[in-house]
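Encoded as structure tokens, the structure appears first; notes follow it.
Residue numbers (the numbering used here), protein chains in the order written: chain C, 341 to 677; chain P, 341 to 677.
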């Protein structure tokens, strides 16, 4: 297979590092690899396929000749450099929130709406982590029996906020265990041995940006602009892996058995659901795995045609790096570059 | 005020210890105090109001002459000894699940259904921790504007499972921080840096007992036998303090401002709700406090007349010990002994 020239922006971050791991594990046809980051990481050495590479500065010229540019830095970096990279001829796969809701930017989860990618104009957006695992699990059910309403409560790990947040959790946990006060720096309040009902910033209506993204990105990906979703997004002291408690109302009766059967057959989904032996997914086991795990599939009799489910996935892999690489793989396979 | 003779069953447990603290802090008229526990705790010394007391064995004879018997041991102990204590003339206030759904046993949260306590026949049940904080927050809203449906996702601390669970979390956290494997003993899976979608045992329909309790106890306390509630109960690596993400559908429009005003005036509730300064409740701050804290009060536009709220309380205090002592205080005040 023809080797592709790849740039990774934010190569030293948690998601950037995971993109490298996923490219290597999936044997992606990587020819030239350009690792880009902010100035303070320039010169850092990173090993890819037994080859040591130096991190370079993210500049407008860095994208010349690239086939793909994976953006895994902040929204500001994407805003500045993604159009430049696209202009230079690279297909940008952007993990930031910058372009996701732009009408002419496809927002893609391959298991759900791969065909949207075809119409790209140089930038394809990868959704927010909590959105990806939700749609991978819920879209197959929706295709079988239209969803009328969903309530989603999330349990989101700190790695979703980046490396600093992981360090903060570890440091605070160490301090709390030794009876010392744990002052917050990255998050507004202590996260160790605590939960915070805030992911991302607050909007005027009282929702957080994370809640807004979960609702609006899901609608765009599922092509259901009026889908009714209520959400509360919560940060929990978990390092990797987001979990979601989902209560869904369907159009027609949907037995837990039928839903389980649909999910067992669904791409990217793995059902772990046997309460008798305490089998259900949880973030510690999902960490490092590719699948979106679903368990606790059961009737919610408080709703008409209701089901409840528990959805867990590694937010750095399917929630970020893996989804981005899968988009690139599918674009190559279909000749949509 | 006349001093009362008090027995505490399970005096060495987390809830029993909290009952002692609450009795002392609230200056309850404690005359004789009898500390009862299982055989392995007999002879242990506990200080109450600067007086050292010895733990005695829980026996049928131990309740003779007692005015109140607080049961804070397991369901089996309540089942065996609560009827004996009541027969001996003590008013039993039982924290276990044993009698809660018995038609002739009042299930009481003083802020919500104190009058139910009057008809007691020697046993008053105190609800499950996650139920208490839910009804303290939701009943005032329900009184103003009838609730049609609630979806509740919980974030429950390990102290709700007792001392062993707290030790397990601390030990596992220490091991994980030092790169060692953390085998589960008390819970079916690791709880440190993880979340588990299981509180209590599973029922045949796929719900857990904890979810069943949250639904059915709430209905009994609020005198709404058909109230529609969907629930997912989740254990999180928090030591003390349960949190709940609640999405509610009301009969008529309910603005967030109106709901906030109702809650500010509601007994036992403290509103902490100003997103601009990241003001919302979380378990680390609620620990050791008496109130049920409510924040993130906002519209849920996915529902007709919907609101979302975030409810946090100390599961050992209002969720257990404080509620039990408040029941005793009110019974005394009203001469319902």
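Glycine residues also receive a C-beta, built at the ideal position from the N, C-alpha and C atoms.
Contacts of residue i in chain P (Cβ-Cβ under 9 Å)
| i | result |
| --- | --- |
| residue 375 (chain C) | In chain order: nothing, as chain P lies at least about 27 Å away. |
| residue 642 (chain C) | 489, 490, 491, 555, 567, 568, 569, 570 and 571 |
| residue 542 (chain C) | 615, 616 and 618 |
Min CB distance residue i to chain C below 7 Å
| i | result |
| --- | --- |
| residue 579 (chain P) | yes |
| residue 615 (chain P) | yes |
| residue 421 (chain P) | no |
| residue 587 (chain P) | yes |
| residue 676 (chain P) | no |
| residue 530 (chain P) | yes |
| residue 524 (chain P) | no |
| residue 623 (chain P) | yes |
Same chain only: Cβ atoms within 6 Å of residue i, ignoring 5 sequence neighbours per side
| i | result |
| --- | --- |
| residue 360 (chain C) | 388 |
| residue 362 (chain P) | 661, 662 and 665 |
| residue 413 (chain C) | 349 and 350 |
| residue 718 (chain C) | For residue 718 (chain C) there is no data in the structure shown, the boundaries of chain C being 341 and 677. |
| residue 464 (chain P) | 433, 446, 448, 457 and 667 |
| residue 400 (chain C) | 424 |
| residue 678 (chain P) | This structure cannot settle anything about residue 678 (chain P), because the visible part of chain P is limited to 341 through 677. |
Below-7 Å beta-carbon distance, residue i vs any chain P residue
| i | result |
| --- | --- |
| residue 520 (chain C) | no |
| residue 514 (chain C) | yes |
| residue 546 (chain C) | yes |
| residue 517 (chain C) | yes |
| residue 388 (chain C) | no |
| residue 653 (chain C) | no |
| residue 638 (chain C) | yes |
| residue 418 (chain C) | no |
| residue 606 (chain C) | no |
| residue 378 (chain C) | no |
| residue 595 (chain C) | no |
Under 8 Å by beta carbon: chain P residues contacting residue i
| i | result |
| --- | --- |
| residue 576 (chain C) | 495, 535, 576 and 577 |
| residue 659 (chain C) | The premise fails here: residue 659 (chain C) is roughly 16 Å from chain P at the closest Cβ pair, so nothing lies under 8 Å. |
| residue 500 (chain C) | Those do not exist, as residue 500 (chain C) stays about 14 Å from chain P at its closest Cβ, beyond 8 Å. |
Within 7 Å, strictly: CB atoms of residue i and residue j
| i | j | result |
| --- | --- | --- |
| residue 370 (chain C) | residue 384 (chain C) | no |
| residue 517 (chain P) | residue 427 (chain C) | no |
| residue 594 (chain P) | residue 610 (chain P) | no |
| residue 402 (chain P) | residue 376 (chain P) | yes |
| residue 658 (chain C) | residue 589 (chain C) | no |
| residue 504 (chain P) | residue 526 (chain P) | yes |
| residue 546 (chain P) | residue 638 (chain C) | yes |
| residue 398 (chain C) | residue 485 (chain C) | no |
| residue 381 (chain C) | residue 480 (chain C) | no |
| residue 603 (chain C) | residue 635 (chain C) | no |
| residue 575 (chain C) | residue 496 (chain C) | yes |
| residue 347 (chain C) | residue 528 (chain P) | no |
| residue 410 (chain C) | residue 418 (chain C) | no |
Contact set for residue i: own chain, Cβ-Cβ below 7 Å, skip 5 residues either direction
| i | result |
| --- | --- |
| residue 462 (chain C) | 426, 431 and 432 |
| residue 345 (chain C) | 371, 372, 405, 406 and 407 |
| residue 440 (chain P) | 447, 465, 467 and 557 |
| residue 444 (chain P) | 461 |
| residue 500 (chain C) | 469, 582 and 655 |
| residue 599 (chain C) | 481, 637 and 647 |
| residue 459 (chain C) | 446 |
Where residue i meets chain C, residues with beta-carbon distance less than 8 Å
| i | result |
| --- | --- |
| residue 552 (chain P) | Simply none; closest approach about 11 Å. |
Proximal residues of chain P, C-beta to C-beta of residue i below 7 Å
| i | result |
| --- | --- |
| residue 646 (chain C) | 570 |
| residue 470 (chain C) | Residues of chain P passing the Cβ test: none, with the nearest at roughly 14 Å. |
| residue 510 (chain C) | 517 |
Cβ shell of residue i (< 8 Å), same chain only, five flanking positions each side left out
| i | result |
| --- | --- |
| residue 509 (chain C) | 498, 531, 532, 577 and 579 |
| residue 366 (chain P) | 665 and 669 |
| residue 554 (chain C) | 468, 470, 471, 474, 492, 494, 569, 571 and 573 |
Cross-chain neighbours of residue i in chain C, by beta carbon under 9 Å
| i | result |
| --- | --- |
| residue 583 (chain P) | 535, 537 and 574 |
(message) For the pair the region 487–506 of chain C and the region 582–593 of chain C, tell me if three or more CB-CB distances fall below 8 Å.
(response) yes
(message) Would you call the region 469–487 of chain P in contact with the region 433–453 of chain P, where contact means no fewer than 3 C-beta pairs closer than 8 Å?
(response) Result yes; three or more Cβ-Cβ pairs closer than 8 Å.
(message) For the structure I just gave you, are there three or more beta carbon pairs, one from the region 413–422 of chain P and one from the region 640–656 of chain P, closer than 8 Å?
(response) no
(request) Tell me, please, whether the region 553–569 of chain C touches the region 563–581 of chain P by the rule of three or more beta-carbon pairs shorter than 8 Å. (result) Cβ pair count under 8 Å is below three, so no.
(message) Would the region 529–543 of chain C count as touching the region 619–638 of chain C if we require 3 or more Cβ pairs under 8 Å?
(response) Note that the region 529–543 of chain C does not touch the region 619–638 of chain C; fewer than 3 beta-carbon pairs, one per stretch, sit closer than 8 Å.
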